[in-house]
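Just below is one structure, and these are the notes that go with it.
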Amino acid sequence: MLRMSTLLLRTLRDDPADAEVASHRLLVRAGYVRRIAAGIYSWLPLGYRTYRNIENIIREEMDNAGFQEVHFPSLLPREPYQETNRWSEYGPDLFRLKDRKGNDYLLGPTHEEMFTLMVKGEFSSYKDLPLSIYQIQTKFRDELRPRSGIIRGREFVMKDSYSFDIDDAGLEASYQRHREAYIKTFNRLGLKFNIVSAMSGAMGGSKSEEFLAPCPTGEDTYVLCENCGFAANVEAMVTKVEAYAGNVPPAFEVFDSPNTPTIDSLVELVNNKFGENITGADTLKNVLLMADGQAIAILVPGDREVDLKRVAANLAGVQELRLFEEEDFAKFPGVVKGYVGPQDAEALGITVYADPRIVIGSHWITGANARDKHARFVTHGRDFTVTGFVEAAEVKAGDTCPQCQTPVVIDRAIEIGHIFQLGRKYAKALGLTVLDQNGKAQVVTMGSYGIGVSRAVAAIAEQTHDEIGLNWPREIAPAQIHLVAAGKDGSIFEFAEKLAKDLEANGLSVLFDDRRDSSAGVKFKDAE
RNA sequence: CGGGUUGUGGCGCAGGGGUAGCGCGCUGCGUUCGGGACGCAGAGGCCGCGGGUUCAAAUCCCGCCAACCCGACCA
0 MLRMSTLLLR
10 TLRDDPADAE
20 VASHRLLVRA
30 GYVRRIAAGI
40 YSWLPLGYRT
50 YRNIENIIRE
60 EMDNAGFQEV
70 HFPSLLPREP
80 YQETNRWSEY
90 GPDLFRLKDR
100 KGNDYLLGPT
110 HEEMFTLMVK
120 GEFSSYKDLP
130 LSIYQIQTKF
140 RDELRPRSGI
150 IRGREFVMKD
160 SYSFDIDDAG
170 LEASYQRHRE
180 AYIKTFNRLG
190 LKFNIVSAMS
200 GAMGGSKSEE
210 FLAPCPTGED
220 TYVLCENCGF
230 AANVEAMVTK
240 VEAYAGNVPP
250 AFEVFDSPNT
260 PTIDSLVELV
270 NNKFGENITG
280 ADTLKNVLLM
290 ADGQAIAILV
300 PGDREVDLKR
310 VAANLAGVQE
320 LRLFEEEDFA
330 KFPGVVKGYV
340 GPQDAEALGI
350 TVYADPRIVI
360 GSHWITGANA
370 RDKHARFVTH
380 GRDFTVTGFV
390 EAAEVKAGDT
400 CPQCQTPVVI
410 DRAIEIGHIF
420 QLGRKYAKAL
430 GLTVLDQNGK
440 AQVVTMGSYG
450 IGVSRAVAAI
460 AEQTHDEIGL
470 NWPREIAPAQ
480 IHLVAAGKDG
490 SIFEFAEKLA
500 KDLEANGLSV
510 LFDDRRDSSA
520 GVKFKDAE
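Note that numbering that gives the first Met the number 0 gives residue 413 to position 414 of the first sequence, counting from 1, and the numbers run on in steps of one.
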């Protein structure tokens, strides 16, 4: 039984000055958490009980699904991470330290290497697979900007699972088992969530889905169709287009267009010059990028920006993608900044990709690759061709749902889980193989599956709180019963004491406000 | 890393060259006792850190650090 008379708890009347989002504000005011440093928090008794209730639900569901719990250190040696190249790849987000002998260590941001090595150390036969193991462990990431209280901290608790299979069909089955277990888990946690495809897969990316808990303060944006339930990460949103049905345009025509640095100024000039009534959507924007050192052009309608994340996610095999800089323009003297068009790309040595909206047969107003000149009736398939289509334009509310053609909305959410078919990257790098039926070594294929445990506390708080305060689902609350003894007569306290004990005897956890020196008002406010 | 804001008792804030203040919380005594009670008496401060100007710095100047918000980044 928790007794308010002795509980390590001090509620605050005022919102803390450094808390913005509801979960942070309320968790601090209610005496659940305290900040220790940027993105690092302590849990007080009420908070820790809540946290543990959530952790236990997750653990139960993992165990129910047949996954086995293990535990790794947080403090890890450099070598395994060196072998997979993440010691350098992870960059400044990795907390690094040295021991007294000067050897390099790190605080684990995620544990793929350790799981892989654990299995490698024990198992060596296809008969041992499939296997799924998990841990609940504190993770460390030196985020550039921790924010939103415990939603994005530098130290946080994550449940991470890994599956090990001999082939792709096995991986798919393990993936589906985790997916089912996650659905059960989040339902029990009382979270509203959408399962969102995180990569298009169209270009060979591994299968990956995110579990997103919708809430206005979430930091992830995603696309949602309120009609059919389609949900996708913006990177994975697929553009629906119709084949070009207009007339065959006249031959393309170059015209003078001085002082048109922006799409708006170009539209105004064209409308004045030709008596047209076009919009930015009739112009073609050519955005030049460097993809792993190679110059590429991305074509999007002039009324849309290029979303670099979408391009990167949908261009197969590209590691580094960035905008053209001045020195890049210097290397391509034929490229006239502000007057780029796709007509001469081949001669200029630039590979061209188009957003799907640039359908074959459509014609556009675009740069003429000469200073102060644009061209119109520039037609895809006649006046220029592209190497391929790639999802590139920013996604906007009102875009068409790829499943049911309804206009979609853009929604915000907290990422509470992520499931991912990793494949053989880590097994290959660390030499995890098993012998198959033929006695031949096979590289194991892996899946990785994460749930933000501490983040779930915040996500549930965000979704369930009301104007008055925190409002936990029963299974998660620090206690199932909050019993308040209010009054001056000692018999009230005696009765309440007995009632509290009876409730506990019947298997209910009780937070008993047995304070004799607090007014009823204080007790009610604290309860809330 | 760019832009913005802020650092003063545990929390929320005021003060802006000469005795460091208010509200909440905390301690003691008394009154009150069902929606954050009241009175009286108290405890609690390197005014973010370092340097400078000055007879005198929380306050002015220089430098640094930290936190928060927006963005970039991150999944």
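Using N, Cα and C, we set each Cβ at its ideal position, and we do this for glycine too.
Close Cβ partners of residue i (< 7 angstroms) along its chain, the five nearest in sequence each way excluded
| i | result |
| --- | --- |
| Glu-319 | Asp-291 |
| Gln-462 | Leu-190, Lys-191, Ala-212 and Cys-214 |
| Glu-112 | Pro-79, Tyr-80, Thr-83, Tyr-425 and Leu-429 |
| Leu-347 | Phe-331, Gly-333 and Val-334 |
| Ser-173 | Pro-129, Ser-131, Ser-162, Asp-164 and Gly-446 |
| Lys-530 | As displayed, the chain neither begins before 0 nor continues past 527, which places residue 530 out of reach and without an answer. |
Contacts around residue i, its chain only, beta-carbon distance under 8 angstroms, and the 5 residues preceding and following it disregarded
| i | result |
| --- | --- |
| Gly-37 | With the sequence shown as reference, residue 37 is identified as Ala, and Gly is not the correct amino acid for it. Closer than 8 angstroms at Cβ, skipping near neighbours: Pro-145 and Arg-153. |
| Trp-42 | Tyr-31, Val-32 and Tyr-50 |
| Glu-68 | Arg-58, Met-61, Asp-62, Ile-132, Tyr-133, Gln-134 and Ile-135 |
| Ile-262 | Gly-279, Thr-282, Lys-284, Gly-301 and Asp-302 |
Three-state secondary structure assigned by DSSP to residue i
| i | result |
| --- | --- |
| Asp-451 | First, the residue type needs correcting, since residue 451 is Gly and not Asp in the sequence shown. Residue state, collapsed to three classes: strand. |
| Pro-300 | strand |
| Trp-42 | strand |
| Ser-518 | coil |
| Met-289 | strand |
| Gly-200 | Here the model assigns Gly-200 a pLDDT of 44, short of 50, so the residue's position is not dependable, and the following value carries that caveat. Note: Gly-200 maps to coil in three-state DSSP. |
| Glu-252 | strand |
| Met-157 | strand |
| Met-61 | helix |
| Tyr-221 | strand |
| Thr-184 | helix |
| Asp-164 | strand |
| Asn-232 | strand |
| Leu-7 | coil |
| Leu-320 | strand |
| Ala-329 | helix |
| Asn-52 | helix |
| Ile-277 | coil |
| Glu-208 | strand |
| Pro-341 | helix |
| Thr-282 | strand |
Reference residue i; option with closest CA among the options
| i | options | result |
| --- | --- | --- |
| Ala-231 | Glu-209, Ala-21 and Lys-100 | Glu-209 |
| Asp-219 | Phe-71, Pro-401, Ala-460 and Arg-411 | Arg-411 |
| Tyr-352 | Val-310, Arg-370 and Ala-374 | Val-310 |
| Val-247 | Gly-360, Leu-498, Glu-304 and Gly-397 | Gly-360 |
| Leu-106 | Trp-86, Glu-121 and Val-377 | Trp-86 |
| Glu-496 | Gln-136, Leu-482 and Ile-39 | Leu-482 |
| Leu-307 | Val-394, Asn-368, Val-377 and Leu-283 | Val-394 |
| Ile-357 | Ala-18, Leu-431, Arg-381 and Glu-345 | Arg-381 |
| Ser-453 | Val-385, Tyr-47, Leu-268 and Gly-301 | Tyr-47 |
| Met-61 | Arg-176, Leu-265 and Phe-254 | Arg-176 |
| Val-407 | Cys-224, Leu-498 and Ala-485 | Cys-224 |
| Thr-282 | Ile-295, Gly-228, Gly-274 and His-373 | His-373 |
| Gln-479 | Glu-252, Ser-508, Asp-501 and Phe-66 | Ser-508 |
| Phe-229 | Ile-295, Gln-402 and Glu-326 | Gln-402 |
| Gln-342 | Gly-468, Gly-366, Leu-322 and Lys-336 | Gly-366 |
| Lys-206 | Thr-444, Pro-472 and Phe-328 | Thr-444 |
| Phe-419 | Gly-120, Tyr-40 and Ala-197 | Ala-197 |
| Glu-171 | Asp-501, Lys-524, Leu-421 and Leu-188 | Leu-421 |
| Tyr-89 | Lys-97, Arg-77 and Glu-527 | Arg-77 |
Neighbourhood of residue i by C-beta, 6 angstroms cutoff - its chain only, sequence neighbours within 5 removed
| i | result |
| --- | --- |
| Pro-355 | Thr-238, Val-240 and Phe-388 |
| Ala-457 | Ser-22, Ile-149 and Ile-150 |
| Ala-539 | The structure shown does not extend to residue 539, since the chain is modelled only from 0 through 527, so no value can be given for it. |
| Leu-498 | none |
| Arg-514 | Met-3 and Ser-4 |
| Pro-477 | Leu-45, Arg-48 and Thr-49 |
| Ala-201 | At Ala-201, the pLDDT of 42 sits below 50, so the modelled position is not reliable; the number obtained from the coordinates is stated separately. Nothing meets the Cβ criterion. |
Near the ligand ATP: residue i beta-carbon under 8 angstroms from a heavy atom
| i | result |
| --- | --- |
| Lys-500 | The ligand ATP is absent from the structure shown, which contains no ligand whatsoever. |
Presumed contact (8 angstroms Cβ cut-off) between residue i and residue j, rounded CB distance
| i | j | result |
| --- | --- | --- |
| Tyr-448 | Asp-159 | 7 angstroms |
| Lys-138 | Met-117 | About 17 angstroms; that fails the 8 angstroms criterion. |
| Gly-340 | Val-377 | 6 angstroms |
| Ala-392 | Leu-26 | Actually they are not in contact, since the Cβ atoms of Ala-392 and Leu-26 sit about 39 angstroms apart, beyond 8 angstroms. |
| Gly-451 | Ile-415 | 6 angstroms |
| Leu-188 | Ala-455 | 6 angstroms |
| Thr-350 | Ile-295 | 5 angstroms |
| Val-433 | Ser-124 | 5 angstroms |
So within the segment 346-395, which uninterrupted beta strand (DSSP E) runs reach at least 3 residues, ignoring any that extend past its ends? 350-353, 362-369 and 372-378
Length at least 3, wholly inside the segment 75-143: the beta strand (DSSP E) runs in chain order: 94-97, 103-106 and 130-139, all fully within the segment 75-143.
Can you list, in chain order, the stretches of the alpha helix (DSSP H) that have 4 or more residues and sit fully within the segment 467-524? Complete alpha helix (DSSP H) runs here, min 4: 489-504.
Which ranges does the alpha helix (DSSP H) cover as unbroken runs of at least 4 residues, wholly within the segment 387-444, from first to last along the chain? 424-429
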